[in-house]
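For what it's worth, UniProt numbering labels the leading residue of the sequence shown as 1, then goes sequentially.
Each remark here refers to the structure printed beneath this line.
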Amino acid sequence: MSVSELVLDCRNGNREAWTALVDLFRPKSGELGTSIL
1 MSVSELVLDC
11 RNGNREAWTA
21 LVDLFRPKSG
31 ELGTSIL
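In structure tokens form, the structure reads like this:
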């Protein structure tokens with residue numbers, strides 16, 4: 001799945017896609033990723 005496909009799924013209310021998208025951009029520590037959102 002590409003990022004653009006995940007974003008489309010997120011706009012459609014797909015929570016699994018949203019979680020996958022967040023995991024893609026979340027750094028190993030986890031703190032920076034949550035601050036981006």
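Yeah, the Cβ is synthetic: ideal placement off N, Cα and C, and Gly gets one too.
Counted as a single uninterrupted DSSP element, the stretch harbouring residue 26 is not any alpha helix (DSSP H), since DSSP gives it neither H nor E. Taken through DSSP and simplified to helix, strand or coil, residue 2 comes out as coil. Only buried fits residue 6, as 16 or more other CB atoms lie within 10 angstroms of its CB.
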